[in-house]
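Going left to right, the first sequence walks through residues -7 to 479 as this note's numbering numbers them.
Step one of this worksheet: look at the structure below.
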Amino acid sequence: MTVRVRFAPSPTGELHIGGVRTALFNWLFARNQGGKMILRIDDTDQQRSSDKFLQTILDSMEWLGLDWDEGPRKDGEFGPYFQTQRLPIYQEEVQKLLDSGKAYYCFCSAEELAKQKERNAQKGLPPRYSGACRNLSPQEIEEKKKTCRSFVIRLRVPEEGVTVVNDLIRGRVTFENKIFDDFIIVKSDGFPTYNFASAIDDAKMKITHVIRAEEHLSNTPRQQIICRQLGIPIPVYAHVPMILAPDHSKLSKRHGATSVQEYRDMGILPEALINYLALLGWSPGGDREIMTIEEMISLFSLEKVGKNASIYDLKKLTWLNSHYLRTKEKSIIGEMAVPFLQKKKLISGVQTEEDRKYIEKVVDLVREKVKTLQEIADASEFFFSENFPYDQAEVAKHFGREGAELVIKEIIKALQEVEPFQKETINLKLKNLGKSLNLPLSKINIPARLALTGRTMGPELLEIMVLLGKEKVIERLKKAEALCQKA
RNA sequence: GGCCCCUUCGUCUAAUCGGUUAGGACACCAGCCUUUCAAGCUGGCAGCAGGGGUUCAAAUCCCCUAGGGGUCACCA
């Protein structure tokens, strides 16, 4: 039997790192097993679902390279892959349950139920359904259908016995059936609830392994009860540990960047995010940390997924990102930096071949010092514009001192003589200048760097000079000379 | 509150069947390198939640306690 897994997000928000990690584990498992990855959209919440979220989720998945074999933008033989398009399927199953008495209509209003819950809470009892509509006669049902505005359908849950979840990660987990009340399977708007739709779809889509977050573990027995009542197969479950925020609480917007989109905007590379997330809750064993996607696929196994929740740490993500930033093909990084440079208005929308080459050189030079694509853009401003800012404190310190102007003048004079304007020739000239002025090289380089870039730190000075070209170098030094007089 | 899950450095984790000076990575600190800042290299700091058992031997098996998380929705 070929492995079939699914990732089933609901389009009620952006894809956050917890969700992606679940998607990733599903994907790695499928690819490792030579199975199929199915993407299903659980959009039964009419109020909160939106097409905008659907699109960003799909875009995020594609950006990360987590492709799917069946699903939206793709289709497949077990569709449709949107739950809202599968209503007839659910209706058919509900009817079966209704006919056999395994489910029943409930006419209790939301207000009534809320009151009931409150009463139970006051008595210190668990909030459960009273069973008021459990045994209505056919006549009563017909009558209520006429008088009540709306109704739901509940599943008759056996009161005795236990339901055992066999989880690949957690082992056997046993639940007493008496802790469940008759839960709702069809809402008053006619849409199925999550547990119901999910159980049916997993079976109809021939899902073999349900890999999802641990928060669903407590829901699993309900789904198994549904499966049993419907006589459909129960998949193998694997509940992966949750990802928690640094304060140990459940992930939310107030914890800063949590969605894929935000990381993308920040200038995180997809492979860095994937690599980082793979390490959260899973380890290939040994000392492996940095892995290609192919290595992850071949090394992945659910047995090696841990049981305990993990807390995400931006610092490590950032470290991985800087690693990939430095080691990936420079033309690719150059390409990836383009939107960030555009956003800062350092380059225009269209580039000539020459522009591209220049961008690539700049990016290649700057990437050694930074951790994100955004930082590449921030660090390369002076390569694209004459209006870059000067660090005022450094200006005061280096241009304000006595003799500063003279040094700049000497540098200008020396550089003007350099021909051709290349690393070696410039280097030789500056070294000689240092000797003749009896100054350490740093006393020449630091003011020069400040004049050319506005900062005292950055890529290698000689590289900067060559890339900028003689003309701009001289021009900026002259500007600095003027600053000296003011300082 | 009931039920369920979990617990190795600050964080992510490793440790085939019980025997390890409990390993690695990020972060942090120091040194080296260096024409700045990084990177890189070397070294350092730091952990088996607590208590009972079982055993010649426990991070590892069992029990209890504590702590954390999840779930009990006409959300998924």
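Don't be surprised by glycine CBs; every beta carbon is placed ideally from N, CA and C.
- [ ] May I have the straight-line CA-CA distance separating K471 from A443, to the nearest angstrom?
- [x] 8 Å
Inset, instruction - Following the continuous alpha helix (DSSP H) through Y255, name the residue where it begins and the one where it ends. - result: V252 to M258
Practice item. For F167, write down the residues that DSSP places opposite it in a beta bridge. Key: T155
Checklist entry - Tell me which same chain residues have a C-beta within less than 8 Å of the C-beta of W55, skipping the five on either side of it? => result V252, R256 and P262
**Prompt:** Taking the continuous alpha helix (DSSP H) assigned at R(-2), which residues delimit it?
**Reply:** Run containing R(-2): none in the alpha helix (DSSP H); it sits in the beta strand (DSSP E), R(-4) to F(-1).
Could you tell me which whole alpha helix (DSSP H) segments of length 4 or greater appear in the segment 176 to 252? 186 to 196 and 212 to 222
*Coarse secondary structure for R148, derived from DSSP in three states*: coil
Next on the checklist: Closest to V144 by C-alpha separation, out of F175, G426 and L338, would be which residue?
Outcome noted: F175
> With DSSP run on the structure shown, which of helix, strand or coil describes V399?
Replying inline: helix
Notebook entry, point to check: Between the Cα of S142 and the Cα atoms of A102, V154 and R162, which residue gives the shortest distance?
Noted result: A102
Name the residue from Y97, L433 and A15 whose alpha carbon lies nearest to the alpha carbon of R(-2). A15
Margin query: Quick test of your reading: E409 and K421, contact by CB under 8 Å. State the CB separation rounded to the nearest angstrom.
Written below: 7 Å
- Please determine if the segment 43 to 53 and the segment 0 to 19 are in contact, where contact requires at least 3 C-beta pairs separated by less than 8 Å. yes
Practice prompt. Starting from the N-terminal side, write out each stretch of the alpha helix (DSSP H) that is 4 residues or longer and does not extend beyond the segment 37 to 102.
Written response: 43 to 56 and 79 to 91
**OP:** Report yes if the C-beta distance between E352 and G326 is below 8 Å; otherwise report no.
**Re:** At a Cβ-Cβ threshold of 8 Å, E352 and G326 count as neighbours.
Quiz prompt | Of the listed residues E151, L271 and G27, nearest to K198 (C-alpha basis) | solution = G27
What residue ranges within the segment 296 to 362 form continuous alpha helix (DSSP H) runs of no fewer than 4 residues, ordered along the chain? The qualifying runs are 306 to 319, 322 to 335 and 345 to 358.
request  = Decide if the segment 261 to 279 is in contact with the segment 220 to 231; the criterion is three or more beta carbon pairs, one per stretch, under 8 Å apart.
outcome  = no
* Asked: Using the C-alpha atoms, what's the distance from C140 back to E132?
  -> 11 Å
What residues are listed by DSSP as bridge partners for H8? According to DSSP, H8 bridges with S251.
| said: Quick check: what's the CA-CA separation for F292 versus A191? | reply: Approximately 26 Å, taken between the alpha carbons.
>> Using the Cβ count rule (16 or more neighbours within 10 Å means buried), how would you classify G395?
In response: exposed
Original post:
Tell me which same chain residues have a C-beta within less than 7 Å of the C-beta of S288, skipping the five on either side of it?
Top reply: Note that residue 288 is Met in the sequence shown here, rather than Ser. If we look at M288 and ignore the five residues flanking it on each side, its Cβ neighbours are L20 and A270.
- [ ] Ignore the nearest five residues each way along the sequence and tell me which others in A440's own chain have a CB closer than 6 Å to its CB.
- [x] Residues of the same chain with a CB within less than 6 Å of the CB of A440, apart from the 5 flanking positions on each side, are I403 in chain order.
By the three-class DSSP mapping on this structure, what secondary structure does M457 have?
helix
Supposed contact pair T36 and T(-6) - C-beta distance, whole angstroms, cut 8 Å
Contact flag wrong, Cβ pair sits at about 28 Å.
- prompt: Can you find at least 3 beta carbon pairs, one from the segment 360 to 371 and one from the segment 306 to 325, that sit closer than 8 Å?
  reply: yes
Margin query: Can you find the residues in the same chain that come closer than 6 Å, C-beta to C-beta, to E62, ignoring five residues on each side of it along the sequence?
Written below: Contacts found: I30 and G68.
Cβ-based burial, R65 [other Cβ within 10 Å; buried from 16]: exposed
So for L31, helix, strand or coil by DSSP? strand
In its own chain, which residues sit with a C-beta less than 8 Å from the C-beta of F45, not counting the 5 before and 5 after it? P3, T4, G5 and E6
query = With distances taken between CB atoms, is the gap from T155 to I217 smaller than 8 Å?
reply = yes
Checklist entry - Which stretch, first to last residue, makes up the alpha helix (DSSP H) that contains M288? => result I285 to L291
Beta bridge counterpart(s) of W19 as assigned by DSSP: In the DSSP output, where bridge partners are listed per residue, W19 has none listed.
Self-check item: Proximal residues to V483 (C-beta, below 8 Å), its chain only, five neighbours per side dropped
Solution: The shown model of the chain, from -7 to 479, leaves out residue 483, and the question about it has no answer.
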